[in-house]
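Structure record follows, encoded as structure tokens.
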Amino acid sequence: MLLRAAEEGTICIGQASHAWLSGQLARAWTPEPALAPVWEELCLAAAQHDIGMALHDREPLLDPATGGPVGFTALPLGVHLALWDAAPAALETQSAWAALP
156 MLLRAAEEGT ICIGQASHAW LSGQLARAWT PEPALAPVWE ELCLAAAQHD
206 IGMALHDREP LLDPATGGPV GFTALPLGVH LALWDAAPAA LETQSAWAAL
256 P
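Residue numbers 156 to 256, in the numbering used here, belong to the letters of the sequence shown in order.
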């Protein structure tokens, strides 16, 4: 989860939303001719690059000091690695190429 301080509190942006935006930005570019055959898979990889975080963001770890969610940069290393390790399997059903770690 991405966390941003705001006047009214903390804005929480799920990693899947951030990844979706990344995919939209990728699709807005014109690919180099050499990348054309795999362009859609590259865009899918960009759009799904945080697929491993999606379920975690639904029930995030909470920061005992604030009561709010722990941002992705503050996740314990073991949690982060487990989420990243599981991600390719979640994406593989859409595209084996996009699921490459």
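Glycine is no exception: its CB is placed at the ideal position from the N, C-alpha and C atoms. Values in this document were obtained by computation on a predicted structure and should not be read as measured data.
Discussion item. Taking a contact to mean a Cβ-Cβ separation below 7 Å, would you say Gly223 touches Thr165 in this structure?
Written reply: yes
Item to complete: Please name the residue in Leu216, Ile206, Ala254, Leu199 whose C-alpha comes closest to that of Gly233.
Response: When each option's Cα is compared against that of Gly233, the closest is Leu216.
Worksheet entry | Rounded Cβ spacing between Glu247 and Ala254 (contact assumed at less than 8 Å) | 4 Å
Worksheet item: Expressed to the nearest angstrom, what Euclidean distance is found between the alpha-carbon atoms of Pro243 and Glu163?
Response: 37 Å
Worksheet item: Going along the chain, which residues of its own chain have a beta-carbon closer than 7 Å to the beta-carbon of Gly207, five neighbours each way excluded?
Response: Leu238, Trp239, Ala241, Ala242, Ala245
Worksheet item: Going by alpha carbons, who is nearest to Ala202 out of Pro188, His211, Ala183, Pro192?
Response: Ala183
Item to complete: Using 10 angstroms around the beta-carbon of Leu230, count the other beta-carbons present and answer buried if the total reaches 16, otherwise exposed.
Response: Buried, since its Cβ has 16 or more Cβ neighbours within 10 Å.
Item to complete: Tell me whether Ala189 sits in a helix, a strand or coil according to DSSP, three-state version.
Response: helix
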